[in-house]
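Student:
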Amino acid sequence: MFPYRYAKQQLACALSCSKTVGCLCFFYNEGSSTCRLHSYLFRATELQPSAGDVYFRPLCPSFPVSPVPYSTIHTSTVNGSETANVVCNDGYKLTNDPGAVLCDDDGFWPTITGTCEQTHWTNQIAPFTVTVPGNMYEGASINFTARLTGSIYTFNMYYGNNDVALQMRALSSGKVMWYKRQSGAWENVGSDTTRTPFTPINTTTTCLVETRVDKIQVSVDGSEYFSMAYFQDVTEINKVSFLTSVDILEVDLLV
Numbered sequence: 055m056f057p058y059r060y061a062k063q064q065l066a067c068a069l070s071c072s073k074t075v076g077c078l079c080f081f082y083n084e085g086s087s088t089c090r091l092h093s094y095l096f097r098a099t100e101l102q103p104s105a106g107d108v109y110f111r112p113l114c115p116s117f118p119v120s121p122v123p124y125s126t127i128h129t130s131t132v133n134g135s136e137t138a139n140v141v142c143n144d145g146y147k148l149t150n151d152p153g154a155v156l157c158d159d160d161g162f163w164p165t166i167t168g169t170c171e172q173t174h175w176t177n178q179i180a181p182f183t184v185t186v187p188g189n190m191y192e193g194a195s196i197n198f199t200a201r202l203t204g205s206i207y208t209f210n211m212y213y214g215n216n217d218v219a220l221q222m223r224a225l226s227s228g229k230v231m232w233y234k235r236q237s238g239a240w241e242n243v244g245s246d247t248t249r250t251p252f253t254p255i256n257t258t259t260t261c262l263v264e265t266r267v268d269k270i271q272v273s274v275d276g277s278e279y280f281s282m283a284y285f286q287d288v289t290e291i292n293k294v295s296f297l298t299s300v301d302i303l304e305v306d307l308l309v
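Heads up: the sequence shown begins at 55 in our numbering, then just goes up one per residue.
1. Which residue spans inside the region 215 to 293 form an unbroken beta strand (DSSP E) run of at least 3?
2. In the DSSP assignment, find the beta strand (DSSP E) that holds C170 and state where it starts and stops.
3. Using 8 angstroms as the threshold, is the C-beta distance between K62 and S87 below it?
4. By a C-beta neighbour count over all protein chains shown, 10 Å radius and 16 as the cutoff for buried, is K73 buried or exposed?
5. Do V288 and T265 have their CB atoms nearer than 8 angstroms?
6. Among the candidates V272, T167, A200, whose CA atom is the shortest distance from the CA of F182?
7. How many angstroms separate the CA atom of I166 from the CA atom of A154?
8. Between the C-alpha atoms of L307 and P251, what's the straight-line distance to the nearest angstrom?
9. If you measure between the beta carbons of Y213 and C170, is that distance less than 8 angstroms?
10. CA-CA distance, T298 and G204?
11. If you measure between the beta carbons of I206 and V263, is that distance less than 8 angstroms?
12. For V272, I'd like the list of residues in its chain whose CB is within less than 6 angstroms of its CB, leaving aside the five on either flank, ordered along the chain.
13. Classify V267: buried if its beta carbon has 16 or more other beta carbons within 10 angstroms, exposed otherwise.
14. Between the Cα of N292 and the Cα atoms of F80, T173, R249, which residue gives the shortest distance?
15. Along the chain, where does the beta strand (DSSP E) that runs through L156 open and close?
16. What residue from S237, V243, S120 has the CA that sits closest to D217's CA?
17. Use the C-beta contact count for V230: other C-beta atoms within 10 angstroms, 16 or more gives buried, fewer gives exposed.
18. Measure from the C-beta of V267 to each C-beta in chain B and report whether the shortest distance is under 8 angstroms.
Below, the structure is given as structure tokens:
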């Protein structure tokens with residue numbers, strides 16, 4: 055609590071609070087023209103004002119530092135309600151939180167429980183595995199640029215139970231094969247030897263892997279290459295990995 059101050063009007067007390075570092079609220083007594091500033095926000099159940107005192111909280115306290123790593127807080131007032139929005143840094147996605155919270159009637163912000171999870175990487179070397187924030191869904195996609203550096207490189211998409219929704223194997227011979235693994239059993243779903251987008255060794259290719267309504271669609275360098283049907287719900291796909299002889303130049307999870 056700060057020392058009592060004289061204020062002819064409640065507005066003068068409010069201005070004094072706004073100009074005082076650490077002031078979050080104040081009591082004003084019109085009868086005695088006294089202004090009492092506080093650095094502590096009171097809940098309604100905690101208030102025990104002196105006779106004639108009226109409690110005011112001009113604004114909710116600001117977030118000086120975002121409580122969520124890799125993010126910033128943007129505050130605004132909409133229709134009289136003070137709102138804080140969590141904005142993740144580029145290359146991150148907010149999960150486990152709606153992203154916006156309202157200041158309550160007592161002037162307190164609810165606890166922000168979300169996390170900003172990484173969705174963009176550059177210059178990785180296999181083996182490289184990432185978890186998909188919030189899992190895949192219809193309309194999500196993974197875009198990556200990589201190059202074969204040896205006899206084979208492998209890209210995998212996993213369901214939550216560790217079944218493999220898609221494994222793409224690109225061989226230095228030019229052959230490309232795609233598999234699935236269900237209940238521990240591998241199945242070759244298809245292959246191609248007529249097109250060789252991943253060869254010769256050190257050729258850089260960009261792949262787009264889309265989780266569409268009824269299938270996983272793989273495109274290479276802007277052209278559709280092959281597709282696979284789901285055998286579990288698309289929203290169960292939660293992890294991707296790159297294995298063996300591959301340099302990963304860039305990965306974007308567009309989720």
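All C-beta atoms, glycine included, are put in the ideal place defined by N, C-alpha and C.
Tutor: Put simply:
1. 218 to 225, 230 to 236, 239 to 246, 258 to 265, 269 to 274, 277 to 283
2. 169 to 172
3. yes
4. exposed
5. yes
6. A200
7. 9 angstroms
8. 22 angstroms
9. no
10. 8 angstroms
11. no
12. V263, Y279, F280
13. exposed
14. T173
15. 154 to 156
16. S237
17. buried
18. Given the protein chain composition of this structure (a single chain), no chain B is represented.
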